[in-house]
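*Asks:*
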Amino acid sequence: MSAVTEEDQFIWGMPSGTPLVCILDMLEDEVGERLFTAEGHYSVTSMHPIAVPAYVQVVNDFGVPLVLDGKQLKKHFERGSVHRNQQNGGGHA
């Protein structure tokens, strides 16, 4: 059994519906396509606390749910309020 990490604990505090604000564009590694837009409003669609590492799913700008771990969340997102025009649990305003 692996040790509980700070990133795991960070994920555990983000249940489904947790609002997020992107603070830094997240780009796809291979092609540099923007997956999440800075200042965009998103929300956690599901949280998976017993996975190793723990992770959440967040719907990106293309409407695709992506798996994000604690390191990615800390780098690109902060907790925020869900924008009133947000639809389907994700996307930027």
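Residue 56 is where the sequence shown starts when you use my numbering, and the numbers rise one by one after that. Glycine included, each C-beta is placed from N, C-alpha and C at the ideal position.
1) What's the C-alpha gap between residue 61 and residue 83?
2) Can you have a look at residue 131 and say buried or exposed, based on whether 16 or more other CB atoms are within 10 angstroms of its CB?
3) CA-CA distance, residue 123 and residue 129?
4) If contact is defined by three or more beta carbon pairs under 8 Å, each pair taking one atom from either stretch, is the stretch 77-91 in contact with the stretch 100-108?
5) To the nearest angstrom, how far is the alpha carbon of residue 127 from that of residue 65?
6) By the 10 Å Cβ neighbour count, where 16 or more other Cβ atoms means buried, how is residue 136 classified, buried or exposed?
7) Ignore the nearest five residues each way along the sequence and tell me which others in residue 63's own chain have a CB closer than 7 Å to its CB.
8) Got a sec, what are the start and stop residues for the beta strand (DSSP E) residue 121 sits in?
*Replies:* By the coordinates alone:
1) Within the sequence shown, residue 61 is the residue found at index 6, counting from 1. Within the sequence shown, residue 83 is the residue found at index 28, counting from 1. The alpha-carbon atoms of residue 61 and residue 83 are separated by roughly 25 Å.
2) Your numbering for residue 131 matches position 76 in the sequence shown. Classification for residue 131: buried.
3) In the sequence shown, counting from the first residue as 1, residue 123 sits at position 68. In the sequence shown, counting from the first residue as 1, residue 129 sits at position 74. One C-alpha to the other measures close to 10 Å.
4) These segments do not touch.
5) The sequence position of residue 127 within the sequence shown is 72, counting from 1. The sequence position of residue 65 within the sequence shown is 10, counting from 1. Straight-line Cα distance between these residues: approximately 11 Å.
6) Numbered from its first residue, the sequence shown carries residue 136 at position 81. Exposed is the label assigned to residue 136, since fewer than 16 other Cβ atoms lie within 10 Å of its Cβ.
7) Sequence index remark: in the sequence shown, residue 63 carries index 8 (1-based). Hits under 7 Å: 108, 109 and 125.
8) As a working mapping, residue 121 is identified with position 66 in the sequence shown. 120-124 is the extent of the beta strand (DSSP E) around residue 121.
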